[in-house]
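The numbering used here numbers the first residue of the sequence shown as 21 and each following residue consecutively.
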Amino acid sequence: MNVSWLRRAPSASTSTPLLQFIVHFTTNRNSSNIKPLKIKKHFYPFQKLVRDQCKIGFEKIEDALKLFDQMLQRKPPLLIYSYNQLFGAVSKMQCYSFVPTLYNRMIWRLDIQPDLCTFNILVNCLCYLNHVDFGFAVVGNIFKFGYEPDVFTLTSLLNGLCIDDRVFEAIELFQKAQKMGCSINAITYGTVINGLCKIGEVHMGLELLQEMKKTPRCNPNVNAYSILIDGLCKKGLVKDGIRLFLEMKSKGISPDVFAYSCLIHGLCNIGHWEDAKVYLKEMLARQISPDVTSFTILIDALCKDGKVKNALEVLGVMISKGMNLNTITNSSLIHGYCLIGKMDDVVKIFNVMVSKNCEPSVITYSILIDGLCKIRCPNEATRLFNEMHMHGEGPDILKQHTISDGLCKNNHPGEAIKLFHVIEDEELHPDIITYSILIDGMIKVGHLKVAEELFRLIPTRGLQPNVITYTIMIKGYCNEGMLEDAHELFLQMEEMGFPPNEVTYKTLIRGYLQKKDGLKAKLLINEMIEKGLLSE
Numbered sequence: 021m022n023v024s025w026l027r028r029a030p031s032a033s034t035s036t037p038l039l040q041f042i043v044h045f046t047t048n049r050n051s052s053n054i055k056p057l058k059i060k061k062h063f064y065p066f067q068k069l070v071r072d073q074c075k076i077g078f079e080k081i082e083d084a085l086k087l088f089d090q091m092l093q094r095k096p097p098l099l100i101y102s103y104n105q106l107f108g109a110v111s112k113m114q115c116y117s118f119v120p121t122l123y124n125r126m127i128w129r130l131d132i133q134p135d136l137c138t139f140n141i142l143v144n145c146l147c148y149l150n151h152v153d154f155g156f157a158v159v160g161n162i163f164k165f166g167y168e169p170d171v172f173t174l175t176s177l178l179n180g181l182c183i184d185d186r187v188f189e190a191i192e193l194f195q196k197a198q199k200m201g202c203s204i205n206a207i208t209y210g211t212v213i214n215g216l217c218k219i220g221e222v223h224m225g226l227e228l229l230q231e232m233k234k235t236p237r238c239n240p241n242v243n244a245y246s247i248l249i250d251g252l253c254k255k256g257l258v259k260d261g262i263r264l265f266l267e268m269k270s271k272g273i274s275p276d277v278f279a280y281s282c283l284i285h286g287l288c289n290i291g292h293w294e295d296a297k298v299y300l301k302e303m304l305a306r307q308i309s310p311d312v313t314s315f316t317i318l319i320d321a322l323c324k325d326g327k328v329k330n331a332l333e334v335l336g337v338m339i340s341k342g343m344n345l346n347t348i349t350n351s352s353l354i355h356g357y358c359l360i361g362k363m364d365d366v367v368k369i370f371n372v373m374v375s376k377n378c379e380p381s382v383i384t385y386s387i388l389i390d391g392l393c394k395i396r397c398p399n400e401a402t403r404l405f406n407e408m409h410m411h412g413e414g415p416d417i418l419k420q421h422t423i424s425d426g427l428c429k430n431n432h433p434g435e436a437i438k439l440f441h442v443i444e445d446e447e448l449h450p451d452i453i454t455y456s457i458l459i460d461g462m463i464k465v466g467h468l469k470v471a472e473e474l475f476r477l478i479p480t481r482g483l484q485p486n487v488i489t490y491t492i493m494i495k496g497y498c499n500e501g502m503l504e505d506a507h508e509l510f511l512q513m514e515e516m517g518f519p520p521n522e523v524t525y526k527t528l529i530r531g532y533l534q535k536k537d538g539l540k541a542k543l544l545i546n547e548m549i550e551k552g553l554l555s556e
């Protein structure tokens, strides 16, 4: 693998498990005389039942555990491949943590020898559990039992390193495996490319794609292309993503739903929803059924752009495909209608959503609260906020900010203060941003005394005013012509470790100029220049 960027990878000595794997592989792969045990497979009724059930899969993990217990009771013991089938089925359910436990129970209860397939499933599960170092330890057992790691082992370990954010160690292992002539396939390449894209090194992934093209039996597949298209689009390089998409098609590789979704998402993010619609239509024409995510991405982009009518067209296609709207889709539509002020339609969507047992999320409630505040319905917004709490959607910090800001900006200071007391009574602990929003709201409607009370309350709640909070209060004093109080607070914030910023200085300067005190204003301007906050 002769790629310049690999020089950035750490040396093997920096990773003990990696070094052990390389040493084990080098010393064992050509010298081991132990041959794996070959067993003839005779299918008996119970073994057939296990095989068929594992092919179908399990609805619940409890069903798999029950079958495993039955397997342990069988006399004579079942052969290892039946257990491999069960471990594989549990792994496909993404119940990775159960596999090591089941494996240990099998080993302790039965005189049964695991095979390479058993170890590979175990390595894969450990890697998905973010225990890649334990995965490397299992490789030692692979050699001990006379097997050699195969492409599945290698790919699982590479994936584990990438999951653990050790991408450059994964690259080093990949490089060593190539040099030793290990079997590598397109999935192995795709795993490393995926790791690179996740840390934003998309161009490195593209270099690896070029190498794939030159490697026998490793032609780039739809997975490798889709990962790179997704990476490019996330970096805003949508044109490059389209170019790669077209290259994939020109090579006779049919894009799948993931490839299309990545491109549609990328185009929507840069506001090219018309182009996104073209690709959606292309998907439908090629009988590639978009999933709920693909539709939702487009609906969300259209709604944010105020094109609710177009979003409804896409929604119509979605419903005609027999798909149910999820919480995100509904939230996107609610947001779109809020933006154009059609709150009656918002309420209809929300009620339908609840009636179909589609639980509103924190985001749904926040969008609704913001919309209600903007159309001057503070009581309804507060009711909704309380409803969130009743539904277990605890009014977290983000929601506190949303409703406090909405009520204050839309001249409902009384409602904002009432809500603040409710939040405190519920011991939900408002943060400094909530206090700053409320203080600012009180000052804007001329309630300086209330703002002062809130400001004095901050230290008693274990919080500390920040630059923004101080600046808001200074502005309040300046508005009322209370320059001495403003200047005192200005000095206090410096003492408390919060140096005034450009906005703070300009707020106080403006206050002095309004009072026609040019001398003090000039002193502050000179101070700003000395601190580098203002050029001469």
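Backbone N, C-alpha and C fix where the C-beta goes; we use that ideal spot for every residue, glycine too. Just so it is clear, the structure is predicted and the values come from calculations on it, not from any experiment.
Query                                                                                                                             : Result
Top-ranked residue by Cα proximity to Leu69, from Glu82, Lys80 and Gln90                                                          : Gln90
DSSP-derived helix/strand/coil call for Met548                                                                                    : helix
Alpha carbon of Cys147 to alpha carbon of Val212, nearest angstrom                                                                : 14 Å
For Met363 and Asp184, the rounded distance between their alpha carbons                                                           : 46 Å
Nonlocal neighbours in the same chain, by C-beta distance under 8 Å from Val119, ignoring five residues either side               : Phe107, Val110, Ser111, Ile141, Leu142 and Cys145
Alpha helix (DSSP H) segment containing Gly225, residue limits                                                                    : Val222 to Lys234
Spatial neighbours of Val470 in its chain, beta-carbon cut-off 6 Å, leaving aside the 5 residues before and after                 : Met462
Contacts around Thr422, its chain only, beta-carbon distance under 7 Å, and the 5 residues preceding and following it disregarded : Ser386, Ile389 and Asp390
Contact belief for Gly261 with Leu283 at Cβ below 8 Å, rounded distance in angstroms                                              : 6 Å
Three-pair Cβ contact test at 8 Å for the region 302-312 versus the region 265-273                                                : no
Where Ser381 falls: helix, strand or coil (DSSP)                                                                                  : coil
Buried versus exposed, by CB contacts within 10 Å (16 or more), His151                                                            : buried
Under 7 Å between C-beta atoms of Asp153 and Ile100                                                                               : no
Coil, strand or helix - His285 by DSSP                                                                                            : helix
Nearest-angstrom Cα separation, counted from Leu468 out to Leu533                                                                 : 21 Å
Which of helix, strand or coil DSSP assigns to Gly356                                                                             : helix
Spatial neighbours of Glu522 in its chain, beta-carbon cut-off 6 Å, leaving aside the 5 residues before and after                 : Leu553
Pair within 7 Å by beta-carbon distance, Ser314 and Ala279                                                                        : no
Alpha-carbon to alpha-carbon, Leu359 and Leu19                                                                                    : Since the first and last residues shown for the chain are 21 and 556, residue 19 lies out of range.
Alpha-carbon spacing of His355 relative to His449, whole angstroms                                                                : 28 Å
Contact check, Pro97 vs Ile127, beta carbons under 7 Å                                                                            : no
Proximity below 7 Å, CB of Thr349 to CB of Thr384                                                                                 : no
DSSP-derived helix/strand/coil call for Leu553                                                                                    : coil
Own chain, CB closer than 8 Å to Val366, minus 5 neighbours either side, in chain order                                           : Ile354, Tyr357, Cys358, Leu388 and Gly391
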